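These notes concern the structure reproduced below.
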Amino acid sequence: MHLFLTIAVVQIVALATPGPDFFFVSQLAASRSRHEAVAGVVGIALGVAVWAALALLGLQLLLLRLAWLERGIAIAGGLYLCWMGLQMLRAAWKADPDADVPVVDVGDSSPGRALLRGLATNLANPKAAIYFASIFSAFLGDGVTPSARWGLWALVTAETALWFGLVAAIFALPAMRRGYVRASRWIDGGAGAILTLFGLHLIFGRRA
Numbered sequence: 004m005h006l007f008l009t010i011a012v013v014q015i016v017a018l019a020t021p022g023p024d025f026f027f028v029s030q031l032a033a034s035r036s037r038h039e040a041v042a043g044v045v046g047i048a049l050g051v052a053v054w055a056a057l058a059l060l061g062l063q064l065l066l067l068r069l070a071w072l073e074r075g076i077a078i079a080g081g082l083y084l085c086w087m088g089l090q091m092l093r094a095a096w097k098a099d100p101d102a103d104v105p106v107v108d109v110g111d112s113s114p115g116r117a118l119l120r121g122l123a124t125n126l127a128n129p130k131a132a133i134y135f136a137s138i139f140s141a142f143l144g145d146g147v148t149p150s151a152r153w154g155l156w157a158l159v160t161a162e163t164a165l166w167f168g169l170v171a172a173i174f175a176l177p178a179m180r181r182g183y184v185r186a187s188r189w190i191d192g193g194a195g196a197i198l199t200l201f202g203l204h205l206i207f208g209r210r211a
């Protein structure tokens, strides 16, 4: 039980640190429907499930032996985050600052697309694999049973879903939506710039 509590505390601290997932969920919840926000959260949780499972299966050892693979994953993820950030910047640039109520284009929007975007946003950050590999190697010794290991996998996945579900619920509140409507150009522009910077960091940053 102590092990589960320790991992839970470490995970919530990591989740509370704003990153690409947070900016994706908050912007989605404020600008789209609740169903899409929930779908986006499910996508992110699935991404965490993938990275955590790979960490338990020894992905870190593979990345250490194949440095080019880690670099390739980082570049691919960085390019995706840059693309998504530039799309937000483009939308913010084209928005009419004099409009009383900014119009949100939902023509190509759906829960299915939101789920895939959430999954892609999380998978675009290969540092998540290193993070999970680090905490698992730090806290999981040889005495930890396979059932306990996969219990921890379920824990971090569920904790991620609950945390970002809370974030989505907060940013979907009417007051938050009204704030988004009034400042959508700046919010989209800021989120786009941050995601682009995350992407550039993955592409050009030093290998962790």
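Residues 4 to 211 (my numbering) make up the sequence shown, in order. From the three backbone atoms N, C-alpha and C, an ideal C-beta is built for every residue, glycine too. Note that the structure is a prediction, hence the values are computed from the model and not measured.
With distance defined between alpha-carbon atoms, name the residue in the options nearest to residue i.
i    : options                  : result
T160 : L6, L18 and G192         : L18
M179 : A32, D24, R188 and F26   : A32
G168 : F27, V53, L84 and L89    : F27
F25  : L49, T199 and V170       : V170
A127 : A196, W54, R116 and L158 : W54
Q90  : T199, G208 and F207      : T199
Which term fits residue i, buried or exposed, when burial requires 16 or more other beta carbons within 10 angstroms of its beta carbon?
i    : result
S34  : buried
P21  : exposed
P150 : Looking at the sequence provided, one finds Ser at residue 150 rather than Pro. Result: exposed.
G192 : buried
A211 : Caution is warranted here: a pLDDT of 43 is assigned to A211, below 50, making its placement in the model unreliable, and no coordinate value can be reported.
P129 : buried
P23  : buried
A194 : buried
G146 : exposed
DSSP three-state call for residue i: helix, strand or coil?
i    : result
L60  : coil
N125 : helix
A194 : helix
S137 : helix
V109 : Caution applies to V109, whose pLDDT of 38 falls short of 50 and renders its modelled position unreliable; the value that the coordinates give is listed next. Reduced to three states, the DSSP call for V109 is coil.
V170 : helix
P21  : coil
H5   : helix
S150 : helix
A175 : coil
V104 : Note that V104 scores a pLDDT of 41, beneath 50, so its modelled location is shaky and nothing firm can be said.
S224 : The structure shown does not extend to residue 224, since the chain is modelled only from 4 to 211, so the question has no answer here.
L143 : coil
G46  : helix
G75  : helix
R120 : helix
S3   : Residue numbering for the chain in the displayed model covers 4 to 211; residue 3 lies beyond these limits and cannot be assessed.
Could you pull out every residue in the same chain whose Cβ sits closer than 7 Å to the Cβ of residue i, ignoring the five residues on either side in sequence?
i    : result
L57  : A132
L118 : A42, G43, V45 and G46
L203 : G81 and C85
A11  : L158 and E162
Enumerate in chain order the residues of its own chain whose CB-to-CB distance from residue i is below 8 Å, with the five nearest sequence positions on each side excluded.
i    : result
T9   : F142
W156 : A52, A55, A56 and L59
Could you pull out every residue in the same chain whose Cβ sits closer than 6 Å to the Cβ of residue i, ignoring the five residues on either side in sequence?
i    : result
H38  : P114
W166 : L18
G50  : L122, N125 and L126
I3   : Only positions 4 to 211 of the chain appear in this structure, which leaves residue 3 out of reach.
M87  : L198
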